[in-house]
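Below is one structure, written out as structure tokens, with a few remarks after it.
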Amino acid sequence: MKIFYAAPSPFVRKCLVVAHELGLRERLELVPAAPHPVNRSAAIIAHNPLGKAPTLIGDDGTVIYDSRVICEYLNALGDGRLIPARGCARWQALVEQSLGDGIMDAAVLARYEATVRPESVRWSEWTAGQLDKVNCGLAEIERLAPNFAERVDVGTIAVGCALGYLDLRYASLKWREKCPGAAVWFERFGARDSMAATRPPLG
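The letter at position 70 of the sequence shown is residue 70 when you use the numbering used here, and the numbering goes up by one with no holes.
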């Protein structure tokens, strides 16, 4: 299998963590890519019209995107333990994935505003709105943190990757000061082999 990837992307990282946890990482060939909201990547578009990473190409040529679907695909190839099949545990994991993904999405959009949009047309109120989503999401993570315990599923992986992205791009938010319970949990979760192996370089 091949996966178009950009190291800083939290959505790519989520898929790679899932692959690590399922013992599938060695089956993934990483294809470096440069997804961009304006200067779109022709290499990715050839397989995914949205031009976004991650995009996975299966051994049989099947193209899978976005990160949620890739995680489902990998979970089905593996032992299926990262996405509970039914009941409350399933909806809990999927909702927490949505929470983590939403934080990542808002944070990435705010970064695009600051680094891609020309300074003369940046909209500070829009950026503030995106970062408010991040802060509201952090408050929910703090509320939920006691439920994470030792769980490893697509929900806790998404939340972990969201917090890791804030460390990478938004250290100024000092999220640990606002979320001490989540900080304690993340100290443990972030030390997992899958998280350590996928940690993007700072800078």
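For glycine and all other residues, C-beta sits at the position ideal for the given N, C-alpha and C.
Residues that DSSP places opposite Lys-2 in a beta bridge: Position 2 of the sequence shown, counted from the first residue, corresponds to residue 2. DSSP output for Lys-2 lists Glu-29 and Ile-57 as bridge partner(s).
Among the residues of its own chain, which have a CB less than 6 angstroms from the CB of Val-134, if the five just before and after it don't count? If you number the sequence shown from 1, residue 134 lands on position 134. In chain order, Ile-103, Ala-106 and Ala-107 place their CB closer than 6 angstroms to the CB of Val-134, counting only its own chain and leaving out the 5 sequence neighbours on each side.
Report the partner residues of Ile-103 according to the DSSP bridge assignment. Counting from one through the sequence shown, the residue named residue 103 turns up at place 103. Looking at the DSSP assignment, Ile-103 forms no beta bridge with any residue, so it has no partner.
Tell me which same chain residues have a C-beta within less than 6 angstroms of the C-beta of Lys-52, skipping the five on either side of it? Within the sequence shown, numbered from 1, the residue matching residue 52 stands at position 52. The answer, listed in chain order, is Pro-35.
For the candidate residues Gly-160, Ala-6 and Gln-97, whose alpha-carbon lies nearest to that of Met-195? Position 195 of the sequence shown holds residue 195. Ranked by how close their Cα comes to the Cα of Met-195, the residues Gly-160, Ala-6 and Gln-97 have Gly-160 in first place.
Environment of Lys-14 [buried if 16+ CB atoms lie within 10 Å]: For the purposes of this step, residue 14 is taken as residue 14 along the sequence shown, with counting starting at 1. It counts as buried.
Top-ranked residue by Cα proximity to Gln-97, from Pro-10, Thr-198 and Ala-197: For the purposes of this step, residue 97 is taken as residue 97 along the sequence shown, with counting starting at 1. Taking only the C-alpha atoms, the option nearest Gln-97 is Pro-10.
The alpha helix (DSSP H) with His-20 in it runs from where to where? Working through the sequence shown from its first residue, we reach residue 20 at position 20. Residues 10-21.
So, helix, strand or coil for Ile-64, using DSSP? Within the sequence shown, numbered from 1, the residue matching residue 64 stands at position 64. Three-state result, Ile-64: strand.
Beta-carbon gap between Leu-163 and Phe-186 smaller than 8 angstroms: Counting from one through the sequence shown, the residue named residue 163 turns up at place 163. Counting from one through the sequence shown, the residue named residue 186 turns up at place 186. Yes, the pair counts as a contact, with Cβ atoms nearer than the cut-off.
Would you mind stating whether Leu-228 and Leu-16 have Cβ atoms separated by less than 8 angstroms? Since the first residue shown for the chain is 1 and the last is 203, residue 228 is missing from the structure and cannot be characterised.
DSSP three-state call for Cys-71: helix, strand or coil? In the sequence shown, residue 71 corresponds to position 71, counting from 1. Here Cys-71 sits in helix by DSSP.
Assigned exposure category for Val-184 - 16 Cβ within 10 Å defines buried: As a working mapping, residue 184 is identified with position 184 in the sequence shown. Exposed.
Can you tell me whether DSSP reads Ala-93 as helix, strand or coil? Against the sequence shown, residue 93 aligns to sequence position 93. Ala-93: helix per DSSP, three-state reduction.
Would the beta-carbon of Ala-139 fall within 8 angstroms of that of Asp-101? What you label residue 139 is simply residue 139 of the sequence shown in a count that begins at 1. What you label residue 101 is simply residue 101 of the sequence shown in a count that begins at 1. Not a contact, by the Cβ cut-off of 8 angstroms.
Short Cβ contact (8 angstroms threshold) for Pro-54 with Asp-153: As a first step, residue 54 is located in the sequence shown; it is residue number 54 there, counting from the start. As a first step, residue 153 is located in the sequence shown; it is residue number 153 there, counting from the start. Not a contact, by the Cβ cut-off of 8 angstroms.
Cα-Cα separation, Ser-67 to Ile-57: For this step, residue 67 is matched to residue 67 along the sequence shown. For this step, residue 57 is matched to residue 57 along the sequence shown. So the two alpha carbons sit approximately 13 angstroms from each other.
Alpha carbon of Gly-181 to alpha carbon of Glu-113, nearest angstrom: To locate residue 181, count along the sequence shown from 1; it is residue 181. To locate residue 113, count along the sequence shown from 1; it is residue 113. Gly-181 and Glu-113: Cα-Cα distance of roughly 30 angstroms.
Other residues of its chain near Tyr-73: CB distance less than 6 angstroms, five sequence neighbours each side excluded: The residue labelled residue 73 in the question sits at position 73 within the sequence shown. Around Tyr-73: Ile-64.
To which residues of the same chain is Pro-37 closer than 7 angstroms at the C-beta, ignoring the five residues directly before and after it? Position 37 of the sequence shown, counting from 1, holds the residue named residue 37. Excluding positions up to five away in sequence, the list reads Tyr-112 and Val-116.
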